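I have placed the structure first, in the form of structure tokens, so that the comments after it can refer back to it.
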Amino acid sequence: MPTDYIDQVFLLDPASPPAVGTQINFQQVTLTDQNDNGLINRFAGDNINGVDIVSSWPGDTVTIDVPNVGLVTYTGITFYLADGGRMFTPTDGQALQNGTFQGSTFVNTQGSLDVNDLPPVCFTVGTKILTPVGERRIEELEAGDLVTTREHGDQPVLWIGRTTVDGRGEMGPIRFKAGVLGAKRPLLVSPQHRMVIDDWRALYFFGHKEILVAAKALVNGDTVKQVKRDQVEYIHLLFASHEVVFANGVPSESYFPGHALERSDREAQAEILRLFPQLNHVTALQKKTALPVVRARDARMMTL
Numbered sequence: 001m002p003t004d005y006i007d008q009v010f011l012l013d014p015a016s017p018p019a020v021g022t023q024i025n026f027q028q029v030t031l032t033d034q035n036d037n038g039l040i041n042r043f044a045g046d047n048i049n050g051v052d053i054v055s056s057w058p059g060d061t062v063t064i065d066v067p068n069v070g071l072v073t074y075t076g077i078t079f080y081l082a083d084g085g086r087m088f089t090p091t092d093g094q095a096l097q098n099g100t101f102q103g104s105t106f107v108n109t110q111g112s113l114d115v116n117d118l119p120p121v122c123f124t125v126g127t128k129i130l131t132p133v134g135e136r137r138i139e140e141l142e143a144g145d146l147v148t149t150r151e152h153g154d155q156p157v158l159w160i161g162r163t164t165v166d167g168r169g170e171m172g173p174i175r176f177k178a179g180v181l182g183a184k185r186p187l188l189v190s191p192q193h194r195m196v197i198d199d200w201r202a203l204y205f206f207g208h209k210e211i212l213v214a215a216k217a218l219v220n221g222d223t224v225k226q227v228k229r230d231q232v233e234y235i236h237l238l239f240a241s242h243e244v245v246f247a248n249g250v251p252s253e254s255y256f257p258g259h260a261l262e263r264s265d266r267e268a269q270a271e272i273l274r275l276f277p278q279l280n281h282v283t284a285l286q287k288k289t290a291l292p293v294v295r296a297r298d299a300r301m302m303t304l
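In full-length UniProt numbering, the protein residues as written are 1 to 304.
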């Protein structure tokens with residue numbers, strides 16, 4: 001069955017770019033994986049906002065001058081649509097930011113978007129994160145603050161990202177009722193945010209005592225449901241390694257950029273390290289998740 005994903009895009013074609021200095025603002029779109037194979041491309045009726053994809057070009061780059069940040073280069077994929085539209089989305093683990101266009105590069109070989117390269121997973125404002133001094137609201141945390149992780153004790157936050165999106169569609173948060181997964185109070189996370197599952201089904205179906213499963217795969221319409229908001233602010237926490245942290249008492253994952261860094265070219269990797277200089281000393285560069293990950297389509301029997 002088709003699966004929809006919400007993504008950020010720039011409405012531009014790196015092969016036919018706007019003038020340097022043009023204001024560029026990202027927009028949200030819905031990507032539809034028509035045959036649910038985990039790849040977005042021109043085959044099987046995959047589309048964006050209902051318009052068929054006719055070609056896709058992974059490896060394009062776009063450089064934006066972001067206010068108060070400077071030059072940011074995104075490596076990603078450009079989609080050509082049946083109605084003539086052109087859209088670029090990053091696949092390097094970064095979230096798009098508004099700014100002015102500075103440059104682009106383009107490739108000549110087509111390919112697909114792996115849905116695992118879609119937007120970062122996030123917590124919502126008001127979530128209480130366990131720290132050495134007790135629970136703290138996530139929006140009050142700053143880079144350098146210590147957070148209690150399950151495997152590695154108290155670890156400093158390297159970077160905190162914030163994104164406000166339209167919460168009336170597919171990006172509406174997933175709400176876990178108090179008591180579910182040990183939640184001390186209701187917990188809201190982004191649909192792709194992966195939760196720790198440690199019951200018998202993890203071992204029976206997947207051969208692991210504990211696994212990570214996207215929140216949207218756990219929706220049951222009762223104790224776990226998707227709720228709508230006009231707007232929702234998502235916050236993601238980056239550590240030196242992929243961690244399990246405690247949010248409202250529930251074990252779940254931190255932001256994991258490892259797969260994007262591993263797949264990006266050297267220039268894109270250097271750009272990420274420039275944005276997050278604290279990662280320069282991290283040799284592993286988060287190439288391994290804290291626990292085995294089960295894709296959403298394979299985890300439907302895990303509904304709580």
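Positions of the beta carbon are idealized from the N, C-alpha and C atoms, including for glycine.
This structure is a prediction, so every number in the text was calculated from the model and none was measured.
Name the DSSP bridge partner or partners of residue i?
i    : result
D83  : Answer is none; D83 lacks a bridge partner.
Q23  : T100
P156 : L146
I252 : Sequence inspection shows Ser at residue 252; the Ile mentioned does not correspond to that position. S252 is bridged to M195, V245.
P90  : G76
R175 : L188, K225
F10  : F88
Less than 6 Å between C-beta atoms, sequence neighbours within five positions excluded: which residues of the same chain meet that for residue i?
i    : result
E267 : Note on E267: pLDDT 45, under 50, position unreliable in the model; the coordinate value appears next. Once the five neighbours on either side are set aside, E267 has no close Cβ partner at all.
L130 : T148, F246
S112 : L39, N41
D65  : L71, G99, T100, Q102
D145 : V157
If you reduce the DSSP assignment to three classes, tell me which class residue i lands in.
i    : result
G207 : coil
E135 : strand
V282 : Low per-residue confidence applies at V282: pLDDT is 46, beneath 50, and the placement is therefore not dependable, though the value from the model is reported in the following sentence. Correct three-state label for V282: coil.
L181 : helix
D46  : coil
E271 : Residue placement at E271 is flagged as unreliable, the pLDDT there being 43, under the threshold of 50; a coordinate-derived value is accordingly withheld.
E233 : strand
V115 : helix
L218 : helix
R168 : coil
R263 : Note that R263 has pLDDT 41, beneath the 50 cutoff, so the model's placement of it is unreliable and the number below is only indicative. Correct three-state label for R263: helix.
So, using beta-carbon positions, are residue i and residue j closer together than 7 Å?
i    : j    : result
A44  : Q28  : no
F10  : F79  : no
R229 : A214 : no
Q23  : T100 : yes
T63  : Q102 : yes
L212 : V125 : no
Which same chain residues end up closer than 8 Å to residue i when comparing Cβ atoms and leaving out the 5 residues on each side of it in sequence?
i    : result
Q226 : G172, P173, I174, R175, P191, K216, V219
G179 : T223
Counting only the same chain and skipping the five closest in sequence on each side, list residues whose C-beta sits under 7 Å from that of residue i.
i    : result
G167 : P173, K228, R229, D230, Q231, V232
E140 : none
P17  : F101, S104
G249 : G182, A183, K184
Practice task
Could you say if the stretch 162 to 173 and the stretch 225 to 240 meet the contact criterion of at least three C-beta pairs nearer than 8 Å?
Solution key: Touching, per the Cβ criterion.
Exercise for the section: Taking 8 Å as the threshold, find out whether the stretch 199 to 206 comes into contact with the stretch 173 to 187 through three or more Cβ pairs. Expected result: no
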